[in-house]
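Step one of this worksheet: look at the structure below.
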Amino acid sequence: MLEAYGPQGWWPLLDHAGRNPTLTGRLTGYHPGDFTFPHTESQRFEICCGAILTQNTAWTNVEKALVELVRAGLLSPRPILGAAEGALETAIRSSGYFRAKAKKLRAFAEFYLGQGGRTPGREALLSVWGIGPETADSIRLYAYGQVEMVIDAYTLRVLRRHGFCRPPLDYDRAKRYCEQHLPRTLADYQEFHALMVEHAKRLRAAGAPGRAA
DNA sequence: TTCCAGGCAATAC
DNA sequence: GTATTGCATGGA
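For the first sequence, counting from 1, position 206 maps to 205 in numbering that gives the first Met the number 0; every step adds exactly one.
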């Protein structure tokens with residue numbers, strides 16, 4: 000996949016070091032071959048929020064929500080907790096499930112502050128309302144640079160279809176399988192997950208059946 | 001118009 | 001304990 004698609008440069012980040020956040024993460028947000036992100040605490044928090052907002056949602060919709068959060072001054076834990084009634088919901092409307100996700104962002108902001116800058120363990124993340132296995136692993140892998148395998152719906156589907164392991168293949172089994180068959184480095188884990196998503200997107204564009212099949 | 005996206009929690013059986 | 005349902009917008 001790497002040879003076919005090239006390095007993906009995940010996790011995409013907004014360019015809000017400058018004053019105007021870019022709308023398309025594609026321009027400045029991806030950073031192929033550079034696994035040193037996040038560079039700032041603000042970027043770390045942005046990745047966490049993106050991981051929550053992208054749950055069952057196209058990334059383009061999430062990008063718009065992130066830009067709105069920056070505009071509203073809400074892409075930061077304390078402002079999220081202090082936001083006026085409905086302000087958070089309005090900012091993230093484009094990401095879908097906006098009421099549920101606003102609640103999730105508040106729950107995470109509280110947890111994040113409680114961490115006091117420490118790297119959260121997987122179990123701790125899973126205990127936060129609104130954070131399940133994929134979101135927890137994404138946050139650890141991309142926001143905290145931990146070598147944590149991320150499995151998504153695409154990866155699960157591909158493993159099943161190619162018969163890599165026998166059913167029932169749930170999240171944890173798929174995770175263990177991938178861990179056993181990949182070099183345990185941050186770069187490999189990040190690249191693998193991003194490439195699986197890219198692979199699935201291309202298959203879909205080429206007319207492959209979706210999740211129903 | 002219908003389908004579906006980088007899931008998760010609540011509810012039903 | 002496993003299966004289903006609700007959450008919601010925007011693009012193809």
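Even for Gly, the Cβ is constructed at its ideal location relative to N, Cα and C.
C-beta contact flag for residue i and residue j at 9 Å
{"i": "ALA143", "j": "PRO119", "result": "According to the sequence as given, residue 143 is Tyr; it is not Ala. Cβ atoms of TYR143 and PRO119: closer than 9 Å."}
{"i": "CYS47", "j": "PHE107", "result": "yes"}
{"i": "ASP33", "j": "GLY72", "result": "no"}
{"i": "LEU125", "j": "SER94", "result": "no"}
{"i": "LEU140", "j": "LEU112", "result": "no"}
{"i": "ALA64", "j": "ARG92", "result": "yes"}
{"i": "ARG105", "j": "LEU80", "result": "yes"}
{"i": "LYS103", "j": "GLY129", "result": "yes"}
{"i": "LEU74", "j": "PHE110", "result": "no"}
{"i": "TRP10", "j": "SER137", "result": "yes"}
{"i": "PRO31", "j": "GLY5", "result": "yes"}
{"i": "ARG70", "j": "ALA90", "result": "yes"}
{"i": "LEU87", "j": "ALA99", "result": "no"}
{"i": "ARG156", "j": "ALA199", "result": "yes"}
Supposed close pair residue i, residue j - CB separation, criterion 8 Å
{"i": "GLN54", "j": "THR134", "result": "6 Å"}
{"i": "LEU158", "j": "TYR170", "result": "Their Cβ separation, rounded to whole angstroms, is 11 Å, which puts LEU158 and TYR170 out of contact at 8 Å."}
{"i": "LEU13", "j": "VAL66", "result": "7 Å"}
Where residue i falls, given that 16 or more other Cβ within 10 Å makes a residue buried
{"i": "THR39", "result": "exposed"}
{"i": "PHE163", "result": "exposed"}
{"i": "ARG203", "result": "exposed"}
{"i": "LYS174", "result": "buried"}
{"i": "LEU1", "result": "exposed"}
{"i": "PRO167", "result": "exposed"}
{"i": "THR35", "result": "exposed"}
{"i": "ALA83", "result": "exposed"}
{"i": "GLY28", "result": "buried"}
Any contact between the segment 190 to 210 and the segment 146 to 153? By contact I mean 3 or more CB pairs, one from each, below 8 Å. Touching, per the Cβ criterion.
Sequence ranges, alpha helix (DSSP H) only - wholly within the segment 99 to 153, length at least 4: Unbroken alpha helix (DSSP H) runs of no fewer than 4 residues, entirely contained in the segment 99 to 153, are found at 121 to 125 and 132 to 137, following chain order.
Please give the ranges of any alpha helix (DSSP H) in the segment 68 to 93, keeping only runs that are unbroken, at least 4 residues long and fully inside the region. 76 to 81 and 86 to 90, all fully within the segment 68 to 93.
Any alpha helix (DSSP H) of 4 or more consecutive residues that is wholly inside the segment 22 to 53: Correct list: 24 to 27 and 40 to 52.
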